[in-house]
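Contents: one structure, followed by commentary.
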């Protein structure tokens, strides 16, 4: 197709690269609606007669499909280009919303699960990785900022979707299948229009632009990659699986709160002297989304100063302590509960934004995108694990007659344990064994400046030169001695 051909996606001369971030945000702010799923949970439970565990299934499946589609389709996305990827994301994600509307109207919850979770989740995965890789190509001089823009947009999607969805549900009727279906329908239509802007604006940088920026990178020592590891070799290293555990458990701790944020706040203070209304709980979801979005930019930028390992010590260690604060003092103060939860969610967002840089530090730039895609399977597992822990334990607690914080105490203890395990895994991360390095990887990287020879090659070359030089010196000394001896004989 001409419009979707990769060569048609290359920017013409003089194209302003600052038009690309709005294109990326148009996609990420749309698919970030997934983070506002908790707004739909209670209406779906009341209208369709399902449990909290069941109402989490679309969100869980969506995150699973995000990770799987990012891992499986990452190479295809790079080959076809961002315009094709964003259009496929639009079709899958918005179709999922429209199918969900039909499912609610028909009273068939499994249709909602398939539409939003399975089909929409594929749209999440394709739409997540394409804008990030495209922005990095346009901003090789500011890769951290570029990644932060895109990933921050994904985290901020719920900041828009949460109040918007609540307003629609209130206007259409949040306890009727008719009203909920209309909300899904409008979401699908509006997001399709908004994402179309990104499809039309997105461009790939030209070879001239890439070469120009590559010349600038040569003058920056931090841009030099001393070694590289392929994606196939990366998954054979303990470092990859340690980071997999780190990401999985950090995400589990955050997503468990985020997915059930609105009902959790209401339940926590239901028996207190200052109960929280459902409308205030919606505001809580928006605050968590803001913290999630801000953490992606603030903490990832901080990691450039303090280091990746230290920043994950903060995410995991302080995160565990904050869960303990929620258990001990949370029920006594609504502001304390909200602030602690916001910090936990900022660590959750920061973990997503920092992991690509952590991977680059360990494995180099060669195939780091493919490695990142495979690591996102940790997100898929966490997307099931976090909501399952919180919802299953809360449902069991309700059947046992528990109320308030008792519904979540066991879940929080589990989250603390997972964060401690993640902390230990982070401490065990060490530099990758040189046997996994790709000595010629730099030659295979497209549109990247030529990398210097590996350290081992340099040392071998220097050694050979030293041996040759020493031999020359020895020969010269021997010749000089023979000459002096001959001159002495003549004089005698």
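Numbering (full-length UniProt numbering), first residue to last: 1 to 492. We treat Cβ as the ideally placed atom computed from N, Cα and C, and that holds for glycine. Note that the coordinates shown come from a computational prediction; the quantities given were computed from them, not determined experimentally.
Residue i classed as buried or exposed, judged by whether at least 16 other C-beta atoms fall within 10 angstroms
i	result
residue 267	buried
residue 377	buried
residue 310	exposed
residue 171	exposed
residue 112	buried
residue 269	buried
residue 21	buried
residue 224	For residue 224, the predicted structure reports a pLDDT of 46, less than 50, and the residue's modelled location is therefore unreliable. A value from the coordinates is still provided. Counting Cβ neighbours within 10 Å, residue 224 comes out exposed, since fewer than 16 surround it.
residue 438	buried
residue 423	buried
residue 387	buried
residue 355	buried
residue 429	buried
residue 2	exposed
residue 19	exposed
residue 414	buried
Proximity below 7 Å, CB of residue i to CB of residue j
i	j	result
residue 400	residue 148	no
residue 419	residue 253	yes
residue 288	residue 327	no
residue 393	residue 323	no
residue 42	residue 391	no
residue 411	residue 191	no
residue 349	residue 60	no
residue 242	residue 425	yes
residue 72	residue 85	no
residue 318	residue 340	no
residue 79	residue 4	no
residue 329	residue 336	yes
residue 74	residue 129	yes
residue 296	residue 155	yes
residue 101	residue 185	yes
residue 228	residue 436	no
residue 237	residue 432	yes
Neighbourhood of residue i by C-beta distance below 7 Å, restricted to the same chain and skipping five residues each side
i	result
residue 15	203
residue 119	92, 95, 96, 99
residue 231	367, 370, 371, 374
residue 88	126
residue 27	86, 89, 127, 131, 195, 198
residue 235	374
residue 409	327
residue 302	311
residue 338	284, 287
residue 361	308
residue 173	179
residue 315	250, 347, 350, 351
Test: residue i CB closer than 7 Å to a CB of chain C
i	result
residue 435	Reference to chain C is not applicable here, since this structure consists of a single protein chain.
Expected contact under 8 Å - CB spacing of residue i and residue j to nearest Å
i	j	result
residue 56	residue 125	With 8 Å as the limit, residue 56 and residue 125 do not qualify as a contact, their Cβ atoms being about 19 Å apart.
residue 138	residue 17	5 Å
residue 389	residue 179	Actually they do not touch by this definition, with Cβ atoms about 31 Å apart.
residue 168	residue 146	With 8 Å as the limit, residue 168 and residue 146 do not qualify as a contact, their Cβ atoms being about 33 Å apart.
residue 250	residue 347	7 Å
residue 291	residue 342	4 Å
residue 285	residue 421	The pair is not a contact, with the Cβ atoms about 28 Å apart (cut-off 8 Å).
residue 501	residue 35	Lying outside 1 to 492, the shown extent of the chain, residue 501 is not represented and no answer is given.
8 Å Cβ shell around residue i - same chain, five flanking residues per side excluded
i	result
residue 380	63, 64, 65, 66, 67, 68
residue 177	47, 48, 104, 105, 107
residue 109	44, 48, 50, 54, 103
residue 24	131, 132, 134, 135, 149, 150, 153, 198, 202
residue 13	206, 208
residue 10	203, 204, 205, 206
Coarse secondary structure for residue i, derived from DSSP in three states
i	result
residue 204	strand
residue 111	helix
residue 381	helix
residue 10	strand
residue 333	coil
residue 230	coil
residue 430	coil
residue 2	coil
residue 176	coil
residue 60	helix
residue 372	helix
residue 51	coil
residue 367	coil
Close beta carbons around residue i, own chain, < 6 Å, minus the five adjacent residues each side
i	result
residue 33	157, 161
residue 281	262, 265, 266
residue 37	59
residue 189	none
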